[in-house]
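Trainee: Residue numbers (the UniProt record's numbering): 1 to 527. Note that CB positions come from ideal geometry on N, CA and C, so glycine has one too. First the structure, which I've put down as structure tokens, then a few questions once you've had a look.
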Amino acid sequence: MSSARRKLTEAIREDEGGGDGESRASMVARNTSSAKHQSLGSDLLDNEEFKTKTFKGLGLCRELCMACAEAGWQHPTRIQASTITVVAEGRDLIGVAQTGSGKTGAYALPLVNWLLTQPKTPYLSVLVMVPTRELAQQVTAQFLLLGRSVGLRVATLVGGADMVEQACELSKRPHVIVGTPGRVKDHLSNTKGFKLVKLHALVLDEADKMLDMDYEKEIDAILEQLPQDRRTMLFSATLSTKVDRLQKASLRDPVLLQVHRKNTTVDTLKQYYIFAPFAQMLSYLHLFLTKETGNHILIFCRSAALVHRITLALRTLGHRALPLMGRMDQSNRNIALTKFKEGKVRMLICTDVAQRGLDIPHTDVVVNFSLPDHVEDYIHRVGRTARAGAEGKAVNLISQYDIVLLQKIEQQTGVKCVEYPSLPESEVQLVLQRVEDAEQEAIREIREDAGERNLEKESRQLTTARKGKRDRGDTDMGYDDAKHGTSDFATLRMRREHESIFEMTKKEQHRSLWAKRREAKKHAKSR
Numbered sequence: 001m002s003s004a005r006r007k008l009t010e011a012i013r014e015d016e017g018g019g020d021g022e023s024r025a026s027m028v029a030r031n032t033s034s035a036k037h038q039s040l041g042s043d044l045l046d047n048e049e050f051k052t053k054t055f056k057g058l059g060l061c062r063e064l065c066m067a068c069a070e071a072g073w074q075h076p077t078r079i080q081a082s083t084i085t086v087v088a089e090g091r092d093l094i095g096v097a098q099t100g101s102g103k104t105g106a107y108a109l110p111l112v113n114w115l116l117t118q119p120k121t122p123y124l125s126v127l128v129m130v131p132t133r134e135l136a137q138q139v140t141a142q143f144l145l146l147g148r149s150v151g152l153r154v155a156t157l158v159g160g161a162d163m164v165e166q167a168c169e170l171s172k173r174p175h176v177i178v179g180t181p182g183r184v185k186d187h188l189s190n191t192k193g194f195k196l197v198k199l200h201a202l203v204l205d206e207a208d209k210m211l212d213m214d215y216e217k218e219i220d221a222i223l224e225q226l227p228q229d230r231r232t233m234l235f236s237a238t239l240s241t242k243v244d245r246l247q248k249a250s251l252r253d254p255v256l257l258q259v260h261r262k263n264t265t266v267d268t269l270k271q272y273y274i275f276a277p278f279a280q281m282l283s284y285l286h287l288f289l290t291k292e293t294g295n296h297i298l299i300f301c302r303s304a305a306l307v308h309r310i311t312l313a314l315r316t317l318g319h320r321a322l323p324l325m326g327r328m329d330q331s332n333r334n335i336a337l338t339k340f341k342e343g344k345v346r347m348l349i350c351t352d353v354a355q356r357g358l359d360i361p362h363t364d365v366v367v368n369f370s371l372p373d374h375v376e377d378y379i380h381r382v383g384r385t386a387r388a389g390a391e392g393k394a395v396n397l398i399s400q401y402d403i404v405l406l407q408k409i410e411q412q413t414g415v416k417c418v419e420y421p422s423l424p425e426s427e428v429q430l431v432l433q434r435v436e437d438a439e440q441e442a443i444r445e446i447r448e449d450a451g452e453r454n455l456e457k458e459s460r461q462l463t464t465a466r467k468g469k470r471d472r473g474d475t476d477m478g479y480d481d482a483k484h485g486t487s488d489f490a491t492l493r494m495r496r497e498h499e500s501i502f503e504m505t506k507k508e509q510h511r512s513l514w515a516k517r518r519e520a521k522k523h524a525k526s527r
């Protein structure tokens, strides 16, 4: 492992010890393409009737009301109150709500209530499908929290985990299954005895995100194996251009619950911008972070490469930051999330793998180091803070190239960002050189990382080529490892070192030439 990857890995791990799916799909196409399904709009959900609802008043059982109280849930949110009412009527539904509105609880509460009120709690009766492993783990935790007092069993089926261990969990007959579409389909196809013929309810959470991730085929294959008399709930942050594909959720005469206008942010979110020249954006970020001491901060970047560079540079500058991106293995992603939740680190540098579904308590600030191209993505990013009525801040670092994009976001959200105070240019100039040095150090480590990986790749290719020659009986084997006592990897490393020394010599000669020219100019001016 190269030095750059090793540094981040060590930082992360330190201190750790049977139905007809086609017929239902066509039925949904008919229902959702027409205007027949009932819609509970935002006006109705703002009524005092919903504001004064209690969990007990919504008909939830005593054990579940006690679990809500222990979790600190005093009153249901609008989407929760509406969903519990619709599910009690036995209807399918489509829920469109802001992030942080209590959407997970909206479907978990009525489903756990149904399970607790059955004479004999049925197993394999609820399936929740989500787009990411992180969201699956959070949904699992929510169900366990609500059903802890009665021994509710939940199995989590996600990629990156052992199939055999998951099959063992399924053999224990869980009441609820939470998983990603790909892994759920794998178990339905390959795990002996795992069927969902008695399924009571299907939930598709972040459905538009699942379709964006090309899970359509997996979802269709799963729907074909589910009973037609189930209840189906579909939840999504957006419901516009995705409508046609969302129809494949196989709903029957659904109720539409829409608790916010399109492209809006919550009122408790304060939104700022910091204007910085493109070449100095990291310096402004560093200075901003020094003024936000004590806050838990999510920083979003456009790419994994940028996350890698920013994380290394910030750690060099003394910030306790960890990366969170798709290229990390699952165990390191889990450790990074856990450390952030527990307060062991106060910054996560993220790609959009963390954009949706993450419910991280006490996230105070969201920083967009790279503005997203679409307003929907902006809303989901900043929705990681100011959740469930709490206050939060979103800070957008913009360069001369981002002004038009920020204006577009402001226009579509209807919110004007204000300039973040207390970042004078004079203070930025004081840290400029130190930040540039840290960034160059990060770039150097990343290049070493890339060089190590290229060496490993070339070594494997060379070994394969030599093996092919041996198999063909070729006598010209080139470099004799046995004679020289070196491996393919060592051979390549020596060659690269010679090339590197040659390149360094050329650069030194080039610098020396320019230095002589500068001295000559100074001498000429002095005369």
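Mind pulling the beta strand (DSSP E) runs of 3 or more residues that sit fully within the stretch 310-340?
Mentor: Taking only runs of at least 3 residues, the beta strand (DSSP E) segments lying wholly in the stretch 310-340 are 321-324.
Trainee: Going by DSSP, which residues form a beta bridge with A201?
Mentor: Paired residues: V126 and R231.
Trainee: Nearest by alpha-carbon distance to A313: which of M281, G179, V176 and K291 is it?
Mentor: A313 has its Cα closest to that of M281, out of M281, G179, V176 and K291.
Trainee: Go ahead and label residue 529 buried or exposed: buried means 16 or more other beta carbons lie within 10 angstroms of its beta carbon, across all protein chains shown.
Mentor: Any property of residue 529 remains undetermined from this structure, which presents the chain solely from 1 to 527.
Trainee: Once the 5 residues before and after V375 are set aside, which same chain residues still bring their CB inside 6 Å of it?
Mentor: Excluding residues within five positions, the ones whose Cβ falls inside 6 Å are N263, I409 and Q412.
Trainee: A207: which of K192, G95 and F288 sits nearest, CA to CA?
Mentor: The option with the nearest alpha carbon to A207 is G95.
Trainee: If contact is defined by three or more beta carbon pairs under 8 Å, each pair taking one atom from either stretch, is the stretch 103-121 in contact with the stretch 55-64?
Mentor: With a cut-off of 8 Å, the stretch 103-121 and the stretch 55-64 count as touching, because enough Cβ pairs lie within range.
Trainee: Since L289 and H319 are thought to touch, with beta carbons under 8 Å apart, how far apart are those beta carbons, to the nearest angstrom?
Mentor: That pair is a contact at about 6 Å.
Trainee: Please state the DSSP three-state secondary structure of S39.
Mentor: At S39 the pLDDT is 46, less than 50, meaning the model places this residue with poor confidence and gives no usable figure here.
Trainee: Assign A450 to buried or exposed, taking buried as 16 or more other Cβ atoms, counted over all protein chains shown, within 10 Å of its Cβ.
Mentor: Exposed is the call here.
Trainee: What does F300 pair with, by DSSP beta-bridge criteria?
Mentor: Paired residue(s): C350 and N368.
Trainee: With DSSP run on the structure shown, which of helix, strand or coil describes A390?
Mentor: Correct three-state label for A390: coil.
Trainee: What does the alpha-carbon distance come out to for the pair M233 and V154?
Mentor: Those two C-alpha atoms are separated by around 19 Å.
Trainee: So T311 packs on I349, CB below 8 Å; how close in whole Å?
Mentor: Confirmed, about 5 Å.
Trainee: So what does DSSP say about Y401, is it helix, strand or coil?
Mentor: Note: Y401 maps to coil in three-state DSSP.
Trainee: From what residue to what residue does the alpha helix (DSSP H) around V375 run?
Mentor: That run of the alpha helix (DSSP H) goes V375 to V382.
Trainee: In the structure shown, what three-state DSSP assignment does L58 receive?
Mentor: Three-state result, L58: coil.
Trainee: What's the C-alpha gap between Q433 and I443?
Mentor: Distance between the alpha carbons of Q433 and I443 is about 15 Å.
Trainee: Go ahead and label V365 buried or exposed: buried means 16 or more other beta carbons lie within 10 angstroms of its beta carbon, across all protein chains shown.
Mentor: Result: buried.
Trainee: Can you give, in chain order, each stretch of the alpha helix (DSSP H) that sits fully within the stretch 114-184 and has at least 4 residues?
Mentor: If we require 4 residues or more, the alpha helix (DSSP H) runs fully inside the stretch 114-184 come out as 133-147 and 163-171.
Trainee: Helix, strand or coil for Q258 per DSSP?
Mentor: Here Q258 sits in strand by DSSP.
Trainee: Rounded to whole angstroms, what's the CA-CA distance from L298 to G343? Just pull it up for me.
Mentor: Rounded to the nearest angstrom, the two C-alpha atoms are 13 Å apart.
Trainee: Taking only the alpha-carbon atoms, compute the straight-line gap between V150 and L157 and give it to the nearest angstrom.
Mentor: V150 and L157: Cα-Cα distance of roughly 22 Å.
Trainee: Contact defined as beta carbons within less than 8 Å: I believe R381 pairs with P372. What is the distance between those atoms, to the nearest angstrom?
Mentor: Confirmed, Cβ separation roughly 7 Å.
Trainee: Give the straight-line distance between the Cα atoms of Y272 and E224, rounded to the nearest whole angstrom.
Mentor: About 48 Å.
Trainee: From which residue to which residue does the beta strand (DSSP E) around V96 run?
Mentor: Run containing V96: L93 to V96, per the beta strand (DSSP E) assignment.
Trainee: For F288, report the span of its alpha helix (DSSP H) as first-last.
Mentor: Per DSSP, F288 belongs to the alpha helix (DSSP H) from M281 to K291.
Trainee: Could you tell me how far apart the beta carbons of V176 and M129 are, in whole angstroms, since I believe they sit closer than 8 Å?
Mentor: The Cβ separation is near 12 Å, so there is no contact.
Trainee: Buried or exposed: G414, going by 16 or more other Cβ atoms within 10 Å of its Cβ?
Mentor: Classification of G414: exposed, given that the 10 Å Cβ count is below 16.
Trainee: Keeping to the same chain, check which residues put their C-beta closer than 7 Å to that of Y401; ignore five residues upstream and five downstream.
Mentor: Excluding residues within five positions, the ones whose Cβ falls inside 7 Å are F278.
Trainee: Taking only three categories from DSSP, how would you classify Q271?
Mentor: If DSSP states are grouped into helix, strand and coil, Q271 belongs with the strands.
Trainee: Give a yes or no on whether the C-beta atoms belonging to Y107 and V203 are separated by under 9 Å.
Mentor: For Y107 and V203, yes; Cβs fall inside 9 Å.
Trainee: Let me check understanding here. Comparing Cα to Cα, which of D229, V197, R231 and D186 lies closest to K217?
Mentor: When each option's Cα is compared against that of K217, the closest is D186.
Trainee: Is it buried or exposed for K120, if we count other Cβ within 10 angstroms and need 16 for buried?
Mentor: With fewer than 16 other Cβ atoms within 10 Å, it is exposed.
Trainee: Rounding to the nearest angstrom, what Cα-Cα distance links N368 and Q118 in this structure?
Mentor: Distance between the alpha carbons of N368 and Q118 is about 47 Å.
Trainee: By alpha-carbon positions, which one of A304, Y284, I403 and M328 ends up nearest to L430?
Mentor: The shortest Cα separation from L430 among A304, Y284, I403 and M328 belongs to Y284.
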